[in-house]
Amino acid sequence: MDRPPVGKVEDLATLAKLDEKVLLAELKTRYYNNDIYTYVGDILIAVNPFRDIGIYDDQTSLKYNLSKKSENPPHIFAIADSAFQCMVGYGGRIPTNQCLLISGESGAGKTESTKLIIKQLIELCNGNTQLEQQILQVNPLLEAFGNAQTKMNDNSSRFGKYIQLSFHNGQVLGAKISEYLLEKSRLTFQSSGEESFHIFYYMMAGLPKSKQEQFCLQAADKYRYLANGIAGISNDRQMSKKHYEELLNALDLVGFTDEEQYDMFTVVTSVLHLGNTMFEEDDSDHSEIQDMAPVSVVAKLLNVDEQDMAGCMTSIVTITRGEHVKRHYSKAQAEEARDAIAKILYGRLFGWIVNKINQLLAPDHEVPQNESREIGILDIFGFEHFEKNSFEQACINLANEQLQFFFNQHVFKQEQEEYVKEGIDWQEIKFVDNQPLLDLFLARPVGMLSILDEESKFPRATDLTLVGKFNKNFTSSSYYKPIKSTQESKFSICHYAGEVTYDARGWLEKNRDTLPPGVMEMLQGSQNALVRSIFKAQVTRTGTLAFQGRKSTRKTRKGGHRPSLDAARKRKQTVGAQFKNSLQVLMERMTSSTPIFIRCLKPNHVKAPGNFNEKYINQQLLYTGMLETTKIRREGFAVRPSFEDFVNKYKVILCKPLLTGSRDNCSKILRATSIKGWQVGKTKVFLKYFHVDQLTEVLEQMGKSAITLQRIVRGFLARRHFARKLEVARQQAEKIAALLSQIEGLSMKMLNQQEGVKQQDKDIPQAFFGRPGSVIEPNYPPPVPDFPYKDLSHVGGASIASSHRYLEPQPSKKFADFGTQASDSDSEVSDDEFVPQNSKAHPGNKEASKNWFQETQATQIYDPMASNFIAEWFHGVISRRQSENLLKTKATGTFLIRVSESRFGYTLSFKGENRVHHYMIDQLRNKKFIVVGEPKVHKTLKDIIEYHQNNRISNWKGFLTDPCGQESGECDYGDLVNENFYFTLQAEIQRQKTGKPRNIRESNYRAPPPPPSELVNQGPPVPNRNYSVAFSGRSQQQSKRPLPKRPDEAYNRLLSNQEKTHAFGQRDKK
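The sequence shown runs 1 to 1070 under our numbering.
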């Protein structure tokens, strides 16, 4: 068979001849043809195009929806589809948890691949809840706080994350994020050409002036921590502003409240101001703060004492022989203390954000563990090699070494060991095992991280002594190369991706991650709720924050002095130990799932599209072992089910439901399918990666055949059943016709006899037969007898009174009766776990919706310009059909918002060109609203209307125009507006007078500028006293709206309050 043209091979494992040149030529040709994805068996290679090539639209997504792998070209959506099918057990597969491992250098496209996979998984769920949209917003949100621009990548992940999506019956239940090793040192220093985290530049470009004044922000070039990012702000300000608006929308959509967002930005801006704190030394070499203005701003933002903040950065208090001794920092020590405070502020804020996301995206109901499935997605920092490589690069590259080891173990070592164990005919494929390098870092007691932890315990240890111990213990290792100079704190490591030279300067302090004494107590006493919370949380063994079930680790010391630096170090785990633990937990999670590998390749160093650097690509292919991977996928057996599992899945092929799981039966099934290249071992069946699709096709064909047989048999049975019924009906019709004929004959006979008697018997009075020629009219139907129901209340074993109970008025339950009761118990766990509570609040009836609206939604329909304070577009709990009847005669664009009966929410209904459209409106946990399927989050229902009067809604080309009011007759929201509604309106009007927004604490609130003078004496219009009919003076198009009976006390109170406040003058009293 001729070889396909170069670039047309979608699966490199199908090539008969394969070497480095062939592999490189295939990838290069496909890259220039915009075919950036290529299979190597069940592994996907993705080459970053550095531009949008238009292959991620909805039509493309639909092609990879429960499809066969061979039906479509290689794509990242196909990998997501394959993971989903394996997770749910589609096509004869065994349902198992899945794990997608995305690896590659920094800038190879791992983060974008993660977002595309999540997008496709959400599409495969076919869900219409808000949870799917929230999950999609998690990555952009975390990118803002955890990603930054580097020399290698414009959107580099400066932390690692493992995303776990939970499923039940193919529907997503919730999500959980695990984060690893945020690069906090980037806050205080960035190399030339690099930037700090994106959030700082988003805020600088997007914050309105009023917010900038509240946070005391100046121009970006005024902040030391943004020294390298000023050009980025000025050159791309509009893009940063757009990202800021998208971030706010993502925060709203995920569920962060306005108060939480305010506090988050408060902490972020306090970090900027903290970096502007400068120090100088006096004659005694004691540090002093040059200008207290930045310290004052930081203390004000964090709601802590200004002198305490200054003292923590310039001195330490110890106890010597019972006396308090104050020791001043040097200038260098003060700068270290300042930077340490900035890093822990940002680091703990980031940990809280992740924890909050996990809380908001946790499943809302429990599912048995054996019924739930999971897909994990690992997006971790790529391999890095800079001009200067420090502790962060060592940890990042160690994580990549661990992933490469996992790949080698799964693809090469474990697989080939199983071939030998099962007696499979196999020729070993050699691969590079990086276990010795992992031992170099992780071994105990003599490993690099163990030695680093030991040195971190000694106050007099230096970077040079650390490197000296490295040289002493690891010179004999082929992976470690010392630098000859004794004054150099550098060494080299031969990683799987190449040799990297590390500079050990600052490793000890970064590993200790020491916080100046007194800072923790100061921030725990902050009046800012968020700051106080994140510093009272415990740090788990993996470095994450835990807010639940924690015991107090701080004891009150006699004398109230600050704890010593040594004591703090002894209590605290080092960063290296936390990272080692997190790697161990990550490996355990991945080992418990079926892995799917995605190799991302970076085509060039300059991030340019259309530039395929063969030498650079070949280097990545070599150190990732892709040539060996292709060989083992071509010749090996990626699928290895046990005899029992294989027979249980495929015994239908032999049409023998009682078939047992044995070697012979497995062989019989495989021979019946005519597939080639399989082997049967001692306990397992060995199949190639493409055999699963071939077996699935056999099952699908048998399924189609079974359906055809069922259709024929069911048709035959239905026709026979119909014929029998038809015969019975014919016989019954004949019997009925005969009966009617007999009745007619008897009637005629009786009538003739009566006429004969009438003529022959002259003694019968004429009155007996009625008037001559009259016909006796029967009294039809007969009157219903007056049964004594009380005496028959239990006839037939059922209570008649109880059967009519639905006619009796029922006592209405309060909305609180439907609420969830929180558990009082706290469980002690390493990481927070958000266990779903079974809620008693089940929407689905009008009474529940009514209570929900009255207790939580009254202010949403408030319209100060309406005569009765109720928005004209609002309607009560009406059905879809009722809303369509209201809108069918209206102009295109006419709209209304109605309360849903089946759930706690609303529905937007509007008139289109040909029909009425209906869109669900959900209320998020932060009390904001979103039209389901739309990306924009809105604070109020009124905001939704105003937005879509100027912005198109999905699947419709027009805009909302005029509100649809009430028709003549009974008001459809009368049962929703009770007496409390008007008291609530009174409070709402008072709030709007003060201008204070809801959910913002007094400590953080800054009053807005006063309104224009011409509006000071104006207030909401006084409602018409004739309360039975709405005033129509606002608009000629406003319909007359009959209103429910007003509560006089509340209404008069509202009216009186307005008259007194706004001095409306004397009114006629009736």
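Glycine included, C-beta positions come from ideal geometry on N, C-alpha and C. Every value quoted in this text rests on a predicted model; they were computed, and no experiment measured them.
In terms of CA proximity to ALA342, LEU302 leads the group VAL367, GLN307 and LEU302. PHE690 and ASN65 have their alpha carbons spaced roughly 19 Å apart. Across the structure, PHE77 and ARG599 are spaced so that their CA atoms are roughly 15 Å apart. Assignment of VAL432 by DSSP, reduced to helix, strand and coil, places it in the coil class.
Cβ-Cβ distances below 6 Å link ILE534 to ARG348 and TRP352 in the same chain, with the five nearest sequence neighbours on each side left out; the list follows chain order. Assigned with DSSP and collapsed to three states, GLU213 falls in helix. Excluding the 5 residues flanking it on each side, SER883 has same chain C-beta neighbours closer than 8 Å at HIS875, LEU896, ARG898, THR907, SER909, VAL916 and HIS918, in chain order. Runs of the alpha helix (DSSP H) lying entirely within the segment 74-160, each at least 4 residues long, are 76-88, 110-125 and 130-146 in chain order. In the structure shown, the three-state DSSP call for PRO963 is strand. Excluding five sequence positions before and after ILE344, the CB atoms of its chain that fall closer than 6 Å to its own CB belong to LEU515, given in chain order. It is roughly 16 Å from the alpha-carbon of LEU398 to the alpha-carbon of GLU179. Here ILE396 carries a helix assignment [DSSP, helix/strand/coil].
Between the alpha carbons of LYS119 and ASN126 lies a gap of roughly 11 Å. Under a 10 Å Cβ-count criterion, LEU740 is classified as exposed, with fewer than 16 other Cβ atoms of the shown protein chains found around its own Cβ.
For the beta strand (DSSP E) assignment, the uninterrupted runs of no fewer than 3 residues enclosed by the segment 273-356 are, from N- to C-terminal side, 279-281, 287-289, 315-320 and 323-328. Put simply, of CYS971, ARG925, PHE929 and TRP956 the residue whose alpha carbon is nearest the alpha carbon of LEU360 is ARG925.
Contact annotation: ASN528 and THR266 have beta-carbon atoms nearer than 9 Å. Rounded to the nearest angstrom, the Cβ distance from PHE853 to LEU976 is 5 Å, consistent with a contact under 8 Å. Going by DSSP, MET590 is part of no beta strand (DSSP E) but of the alpha helix (DSSP H) stretching over 575-591. Ranked by Cα distance from ILE316, the first of GLY893, THR540 and GLY518 is GLY518.
Within the same chain, Cβ atoms closer than 7 Å to the Cβ of ILE396 are found at PHE381 and GLU384, the five residues on either side in sequence being excluded. In chain order, LEU121, ILE122, CYS125, GLY127, LEU131, GLU132, ILE135, LEU165 and SER166 place their CB closer than 8 Å to the CB of VAL172, counting only its own chain and leaving out the 5 sequence neighbours on each side. A distance below 7 Å between beta-carbons, with the five flanking residues on each side excluded, links THR542 to the following residues of its chain, in chain order: GLN578, ASN581, SER582 and VAL585. Residue environment for VAL446: exposed (fewer than 16 other C-beta atoms within 10 angstroms of its C-beta).
Straight-line measurement puts the Cα of THR111 at about 21 Å from the Cα of PHE612. Note on ASP283: under 16 other CB atoms within 10 angstroms of its CB, so exposed under the neighbour-count rule. Collapsing the DSSP output to three states places GLY376 in a strand.
Annotation: the continuous alpha helix (DSSP H) that includes PHE716 extends over 691-760. With respect to the 9 Å criterion, TYR496 and VAL432 are classified as neighbours on the basis of their beta carbons. When the beta-carbon positions are compared, PHE597 and PHE407 come within less than 9 Å of each other. Within the segment 927-954, the runs of alpha helix (DSSP H) that reach at least 4 residues and sit entirely inside it are, in chain order, 941-948. Rounded to the nearest angstrom, the gap between the Cα atoms of ASP922 and HIS365 is 18 Å.
A contact between stretches requires three or more CB pairs, one per stretch, nearer than 8 Å, and the segment 292-302 meets this requirement with the segment 252-270. As for any beta strand (DSSP E) of minimum length 3 sitting wholly inside the segment 184-269, there is none. Listed in chain order, the non-local C-beta contacts of GLN620 below 6 Å within the same chain comprise LEU601, local neighbours out to five positions each way being set aside. Nearest C-alpha to ARG93 among GLN949, GLU454 and TYR650: TYR650.
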